[in-house]
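**Q** Everything in the sequence shown is counted per our numbering, starting at -2 for the first residue and increasing by one. Just so you know, even glycine gets a beta-carbon here, dropped at the ideal spot from N, CA and C.
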Amino acid sequence: MAQPCTAFYRGATHSDKINWFRRADLPEDNVFEGLVTATEFREGLGIHTLNAKARRSFETKTQRIPGVILNCFLEGATEAWLDDKPMELGRKEHGPVKFSLSATDETLRFQRRSAPGEYVRKVSIQMSHEWLHEQNLKLPQPAVLQNKKQYRADWNATPKDVKILENLASMNGFHSPISRLQGEAMVLELVASSFKNLSAPETTIGLTPREISQLKRVEDLIQSTGPLPDLAALAKAGGLSLSSLRRLTQKAHGCAPLSYARTMRLSMAKELLETSTLSVSNAAEIAGFSTPENFSTAFRRAFGISPSAAKHR
């Protein structure tokens, strides 16, 4: 059961500091019933937790300064817009706990709305670009923000992450030196876990452990020698139905299964041509093409050079 509302706010007026600690951007004390905390552990690193029910409607329209926010909803959802686009933050009923990392390179409009009776249990960690630079932490490359304004990545939290999040969401503020140390240690562990996940191959971000395993079995078959596998063989290797196979490769690679398989075989052939004495005709066989001519056409379309030019490299 949520405890009486308590909050710890520290002012921040410098543009590099965390913007939710500006008093004008925070809800009034009687808006939420439960726990509401906001603490800046050090310049550029802070936490906001919400474990409360809205007593009445609440809406804020403010600006989000450049920086990175790691959101995780343990329960509930919230209506929020960034640059007038829905952020779709929250946890679906009986769905997995998910992290959502968003980054901005410029100041954007931010709007949030809560309805009466709305219950949310969430943890938000905010990091400035300067703090991340000090820690030598970087967003995945190429670090191109969506529309040159935003970067967004979502993935499932591990059981260990969820345990830490639950502990943070239940803490009654971070007033004492001990509680601040404990809170900062847990926040740093989540940040480390998140950037470790982000540094993993991009295709695994947002996939469940089961989906990662299924995708690996499909890729193992694609990488085996012999003719290019058909859809049925790929689905069987992954233990998937045809429709599930299509959804998985679309989710991981943004394309159909056979399109991904052809691209993967062509990449294998290109690497072998560039690093070994393999002939073009043998590379065509490895890529699963019936003739060197068809292989050369597909190769040039994919990489902009001929197989023989790749071999001479």
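Does P224 come out as helix, strand or coil in the three-state DSSP assignment?
**A** coil
**Q** Compute the Euclidean distance between the alpha carbons of E208 and R177, then round it to the nearest angstrom.
**A** 38 Å
**Q** Among M183, G31, A154, which has the Cα closest to the Cα of N164?
**A** The shortest C-alpha separation from N164 is found at M183.
**Q** Going by DSSP, what residues sit across from V65 in a beta bridge?
**A** Within the DSSP bridge table, the entry for V65 names A100, M124 as partners.
**Q** Distance, Cα to Cα, P224 vs A306?
**A** Their backbone Cα atoms lie some 24 Å apart in a straight line.
**Q** Give the DSSP-derived three-state secondary structure of F38 in the structure shown.
**A** strand
**Q** If distances are taken between C-alpha atoms only, which option among R106, V159, E131, T57 comes closest to L71?
**A** L71 has its Cα closest to that of V159, out of R106, V159, E131, T57.
**Q** Would you list the residues sitting across from A237 in a DSSP beta bridge?
**A** Inspection of the sequence shows that residue 237 is occupied by Leu rather than by Ala. In DSSP, L237 forms no bridge with anything.
**Q** By Cβ distance below 6 Å, which residues in the same chain neighbour A295 in space, the five residues on each side in sequence not counted?
**A** none
**Q** Pull the bridge partners of E30 from the DSSP assignment, please.
**A** K50
**Q** Sorted by chain position, which residues of the same chain lie with C-beta nearer than 6 Å to Q132's C-beta, five sequence neighbours on each side aside?
**A** none
**Q** Just list the residues that DSSP pairs N153 with in beta bridges.
**A** K95
**Q** What first and last residue would you give for the alpha helix (DSSP H) that runs through S293?
**A** DSSP places S293 in the uninterrupted alpha helix (DSSP H) bounded by 289 to 300.
**Q** Exposed or buried, S210, counting other C-beta atoms within 10 Å across all chains shown (16 or more means buried)?
**A** exposed
**Q** What does the alpha-carbon distance come out to for the pair G236 and V215?
**A** 9 Å
**Q** Between T272 and the rest of its own chain, which residues show a CB-CB distance below 6 Å, the 5 nearest in sequence each way excluded?
**A** No residues qualify anywhere along the chain.
**Q** Where are the alpha helix (DSSP H) runs, 4 residues long or more, that stay fully inside the stretch 243 to 277, in chain order?
**A** 254 to 272
**Q** Near E290, what residues of its chain come up, given a Cβ to Cβ distance below 8 Å and the 5 sequence neighbours on each side ignored?
**A** none
**Q** Which residue marks the beginning of the beta strand (DSSP E) containing S111, and which one marks its end?
**A** 105 to 111
**Q** Any contact of the stretch 77 to 87 with the stretch 123 to 131, i.e. 3+ C-beta pairs under 8 Å?
**A** no
**Q** Among L187, Q220, K213, Y116, whose alpha-carbon lies nearest the alpha-carbon of R311?
**A** Nothing can be reported for residue 311: it is not among the residues displayed for the chain, which extend from -2 to 310.
**Q** What residues are listed by DSSP as bridge partners for I209?
**A** In the DSSP output, where bridge partners are listed per residue, I209 has none listed.
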